[in-house]
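Take a look at the structure set out below.
Numbering (the working numbering), first residue to last: 42 to 108.
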């Protein structure tokens with residue numbers, strides 16, 4: 042039953058939107074990495090931001106390949 046809920050069209054759309062948002066968020070951090078007001082330069086901040094973007098990209102590719 043839970044797999045049917047996860048496969049509904051609305052949930053798939055939400056997953057695409059969240060993945061695209063996280064990838065865009067990673068690019069924004071990349072663009073502003075040298076901005077003087079950027080305070081997210083610590084090791085763990087960079088790990089979390091970069092891993093979230095990478096995982097979202099892999100998830101997006103896998104979802105697109107599944108269709």
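For each residue, glycine too, the CB sits at the ideal point set by N, CA and C.
Residue 100: member of the alpha helix (DSSP H) spanning 84-107, first to last residue.
If you ignore the 5 residues before and after residue 74, its C-beta comes within less than 8 Å of the C-beta of 82, all in its own chain and listed in chain order. Between residue 97 and residue 64, the C-beta gap is smaller than 9 Å, which places the two residues in contact. Three or more beta-carbon pairs separated by less than 8 Å are not found between the segment 52-61 and the segment 75-95, which leaves the two stretches without contact. DSSP places residue 66 in the helix class (H, G or I) of the three-state scheme.
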